[in-house]
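What follows is a short report on a single structure.
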Ligand SMILES: [Mn+2]
């Protein structure tokens, strides 16, 4: 019960901070996902309906699969944003550095932190961090209720999409009764589950499916049988014609193999680094592994970036993950 009242008071502090500002900027995190776009755009729109000036900005483009969302096309490139603002609202990001704003950029501004990542340390002038929330969109739903913002079909679609994608279509551990209660309210408010699932998951490019095919043809299984991985190179992106962010969902396939506890995707970045995405089934806390390498995430889904080339990254990380599986208790 204490947890509930702590959460409520931290949420009220966030509502006060949001209501106290006049102009708020919402930076999406790098490589924005459905939760980042849905939660930031929904909250920005709600504040705009209350007469506040708001901007949603992003270093990276909104992925094509989320471009249909109301307001997604109004997201401004971070490089083009030069306006004055009083409040920086960081949604769905445990590391303020992943917003693209430096500490100098935000000196004297009010910083609001709304997040559900395990690695969030509660930074900011007001923070509402609920590590048991399925998605930041679930948390924004509660904020909008506290603000008595009426939920229209567009806000509902934004929030539904973030919950849909962060729960892996209601398949992951974070699919709790609380998450389903909020989801039910969103459907009542006009979110359309079949339509949104089709827009998000079944509106792919040929390049994306060809990239998935290539990645699946390169699956590797560790000797112990518990770790499965694949890799994406810049050359694969070029020859399939897939966009740089179209490899995002591939990691979920690596975890589907029977007997596998942790699945990984290693991706070569344009600047020669290696991006690692991890998913675990029941036992291994991949957020812990990611945070040792300067990344973060959730117990069952995390990521980080290594400076070295991919071959080396695969050797080091696969060994580390195999050791983590060995060290984890059986369920
Ligand atoms: Mn999220």
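Numbering (this note's numbering), first residue to last: 10 to 340.
Think of the CB as a built atom: it goes at the ideal place given N, C-alpha and C, for glycine as much as any other residue.
Remember, it's a predicted structure, so these values are computed and weren't measured experimentally.
Review point. Just reading off the beta strand (DSSP E) that residue 70 is part of, what are its end residues?
Key: In the chain shown, counting from the first residue as 1, residue 70 sits at position 61. Neither: residue 70 is in no beta strand (DSSP E) and is coded neither H nor E.
Check your understanding: Where residue 195 and residue 232 are concerned, what is the direct C-alpha to C-alpha distance, given to the nearest angstrom?
Key -> Here the question's residue 195 lines up with position 186 in the chain shown. Here the question's residue 232 lines up with position 223 in the chain shown. Taking C-alpha positions only, residue 195 is separated from residue 232 by approximately 45 Å.
Review point. Run through DSSP, which three-state label would residue 254 get?
Key: Here residue 254 is taken as the residue at index 245 of the chain shown, counted from 1. DSSP places residue 254 in the helix class (H, G or I) of the three-state scheme.
Review point. Cβ atoms of residue 38 and residue 83: under 8 Å apart, would you say?
Key: Sequence index remark: in the chain shown, residue 83 carries index 74 (1-based). Sequence index remark: in the chain shown, residue 38 carries index 29 (1-based). At the C-beta level, residue 83 and residue 38 stay beyond 8 Å of one another.
Exercise for review: Could you tell me the boundaries of the beta strand (DSSP E) in which residue 97 lies?
Suggested key: The residue you call residue 97 lines up with position 88 of the chain shown. If you look at residue 97, you'll find it in the beta strand (DSSP E) that goes 96-100.
Practice item. May I ask you to report which of helix, strand or coil DSSP gives residue 324? Key: For the purposes of this step, residue 324 is taken as residue 315 along the chain shown, with counting starting at 1. In the three-state reduction of the DSSP assignment, residue 324 falls in the helix class.
Check your understanding: Could you check where the beta strand (DSSP E) with residue 314 kicks off and where it finishes?
Key -> Position 305 of the chain shown holds residue 314. Per DSSP, residue 314 belongs to the beta strand (DSSP E) from 310-315.
Review point. What separation, rounded to the nearest whole angstrom, lies between the Cα atoms of residue 254 and residue 214?
Key: Along the chain shown, read from residue 1 onward, the residue named residue 254 stands at position 245. Along the chain shown, read from residue 1 onward, the residue named residue 214 stands at position 205. Taking the straight line from one Cα to the other gives about 12 Å.
**Study point:** Length of the line joining the Cα atoms of residue 30 and residue 119
**Key:** In the chain shown, residue 30 corresponds to position 21, counting from 1. In the chain shown, residue 119 corresponds to position 110, counting from 1. Just so you know, the alpha carbons of residue 30 and residue 119 end up roughly 8 Å apart.
Exercise for review: Specify the secondary structure class of residue 217 as computed by DSSP and reduced to three states.
Suggested key: By one-based count along the chain shown, residue 217 stands at place 208. In this structure, residue 217 counts as helix in the three-state DSSP scheme.
Check your understanding: On the three-pair Cβ rule with 8 Å, is the region 239-252 touching the region 207-226?
Key -> With a cut-off of 8 Å, the region 207-226 and the region 239-252 count as touching, because enough Cβ pairs lie within range.
Review point. Should residue 263 and residue 239 be called a contact, given that it needs their Cβ atoms to be closer than 8 Å?
Key: Position 254 of the chain shown, counted from the first residue, corresponds to residue 263. Position 230 of the chain shown, counted from the first residue, corresponds to residue 239. Yes.
Review point. Can you check whether the CB of residue 327 is closer than 8 Å to the CB of residue 293?
Key: The residue given as residue 293 occupies position 284 in the chain shown. The residue given as residue 327 occupies position 318 in the chain shown. In this structure, residue 327 does not lie closer than 8 Å to residue 293 by Cβ.
Review point. Under the DSSP definition of a beta bridge, which residues are partnered with residue 181?
Key: The sequence position of residue 181 within the chain shown is 172, counting from 1. Beta-bridge pairing links residue 181 to no other residue.
**Study point:** Three-state secondary structure assigned by DSSP to residue 297
**Key:** The sequence position of residue 297 within the chain shown is 288, counting from 1. Helix.
Check your understanding: How about the region 121-139 and the region 90-109: do they share at least three Cβ pairs that are nearer than 8 Å?
Key -> Three or more beta-carbon pairs separated by less than 8 Å link the region 121-139 to the region 90-109, which places the two stretches in contact.
**Study point:** Sheet register partners of residue 277 (DSSP bridge)
**Key:** The sequence position of residue 277 within the chain shown is 268, counting from 1. According to DSSP, which records beta bridges pairwise, residue 277 is partnered with 283.
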